[in-house]
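One structure below.
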Amino acid sequence: MTRRTIAIIAGEPNSISSEIIFKCWKKRKQYIHQPLLVIGSIHLLNLQKKKLKYNIKIKKINSNFKTRDLIGNKIPVYDVIYKQEKPFQKISSKSNKYIFKCFDIAKKFINDQKILGFINCPVCKESLFREKYQGITEFLSKKTNRSGNEVMLIYNKKLSVSPITTHIPLNQVSRKINKLEIVKKVKIISNFYKKIFRKSPNIAIMGLNPHNFSSKKKSEEKEIIFPAVKAIKKLGIKAMGPISPDAFFAIFKQYKIDVIVGMYHDQVLSPFKTLFKYDAINITLGLPYIRISPDHGVAENIIGKNVADPKSLIESIKFFNCVK
């Protein structure tokens, strides 16, 4: 089996996941992509296909699939049993066992060298993890014994962003950032760009406080971020900072910045999504394989309405063309 194959995990069963999968499949001849398969419930996909009125056929494949099994007009699906009477229902923890099983199957395919990596469609973190994990990024790093090395990179060809801390309350951010963590994560980002894109990225590192100013005698910029930037430069990584967070997204182009690293999630995600909307993907760095997800959630407010934008999932699929 070729290692170029990729898998799409269907994600939260009551979400826009099936809709964007169907739309990507309909558009598949408009973009170059590797051989792919879906890991999910055929029963549920058929229910949702009927509800959304998509004239798409599904083909069941087994664990011994070959590349030829993924070619044709039918969506190749590795079936994971999940019984549901109606196509779209309220999101709840009832689907957790099914979702985790889909991830387990994808990881087994990776271990068996059947797939290069996988894309997981959106899940509801609050329902799936409760308080055990901050998100999929941390969950997968734990499962691969890489905890602490995971890095969330929200990627676009024009600019990427990465938060040092991810899904934690703002009042915890200052306690969670430190010099070693910043240096480690920036190093992982730089190595990723060198491996995948054959380039040394220009990285801008944000301060934490407005205008990089704090009334405290020992600010985070002086005590943590500036020393981290200094150490990063000594490693030969092209970095600048700490940058005042309030205006840099308006001027990053003139500095030819590839990646902006922020101290917390919304510091970089909010302006980034304002600029690029759905034209971005979420890549987890620091894993022994490539894991990507669309840069949006389950979109509970538009489930079953057939108005979801598949752009981010399409870009996720296309990204595997860059992987050597």
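Residue numbers (my numbering): 104 to 427.
All C-beta atoms in this analysis are idealised placements derived from N, C-alpha and C, irrespective of residue type, glycine included.
Just so you know, these numbers come straight off a predicted model, no measurement behind them.
When the Cα of residue i is compared with those of the options, which residue comes out closest?
i: Y296; options: S263, L283, N158, K204; result: S263
i: I280; options: I202, E324, I384; result: E324
i: C227; options: L219, Q216, I239; result: I239
i: K197; options: V426, N424, E229; result: E229
i: T247; options: S303, I145, K261, A209; result: A209
i: L372; options: V183, M255, I109, V410; result: M255
i: A411; options: G143, K132, I142, C224; result: C224
i: G365; options: S396, L311, S318; result: L311
i: F379; options: I395, Y392, Y367, A353; result: A353
i: V362; options: N199, T108, L148, N259; result: N259
i: V332; options: Y381, P345, K320; result: P345
i: V289; options: T268, I335, S303, R301; result: I335
i: Q370; options: K132, T269, D207; result: T269
i: F355; options: F375, S293, L338; result: F375
i: V276; options: L283, K282, I267; result: I267
Could you pull out every residue in the same chain whose Cβ sits closer than 8 angstroms to the Cβ of residue i, ignoring the five residues on either side in sequence?
i: I417; result: C127, K130, Y134
i: G175; result: K162
i: I194; result: E115, N117, S118, C227, S230, V401, E403
With a threshold of 16 other CB atoms inside 10 Å of the CB of residue i, please say whether the residue is buried or exposed.
i: R278; result: exposed
i: T377; result: exposed
i: H399; result: buried
i: P314; result: For clarity, residue 314 is His in the given sequence; the question names Pro instead. Exposed, because fewer than 16 other Cβ atoms sit within 10 Å of the Cβ of H314.
i: A350; result: exposed
i: I184; result: exposed
i: Q357; result: exposed
Starting from the C-beta of residue i, find all residues in its chain whose C-beta is less than 6 angstroms away, skip the five residues before and the five after it, and write them out in chain order.
i: P190; result: L150, Q151, K154
i: Y381; result: D412, K414, S415
Please go through the same chain and pick out, in chain order, the residues whose beta-carbon is closer than 7 angstroms to the beta-carbon of residue i, but skip the five residues on each side of it.
i: S429; result: The chain is shown from 104 up to 427; residue 429 falls before or after that span and cannot be answered.
i: S347; result: G310, H314, N315
i: F212; result: A110, I218
Assuming residue i contacts residue j (C-beta within less than 8 angstroms), just tell me the rounded distance between them.
i: I420; j: H136; result: 5 angstroms
i: N117; j: I405; result: The Cβ separation is near 12 angstroms, so there is no contact.
i: I291; j: A342; result: Their Cβ separation, rounded to whole angstroms, is 13 angstroms, which puts I291 and A342 out of contact at 8 angstroms.
i: Y181; j: I218; result: Incorrect: roughly 10 angstroms between the Cβ atoms, too far for contact.
i: I299; j: I328; result: Not a contact, Cβ separation roughly 26 angstroms.
i: S396; j: I222; result: 6 angstroms
i: E122; j: N424; result: Not confirmed; about 24 angstroms, so no contact.
At a cut-off of 6 angstroms, is residue i close to the ligand HEM when judged by its beta-carbon and the heavy atoms of the ligand?
i: Q370; result: The model depicted lacks the ligand HEM and carries no ligand whatsoever.
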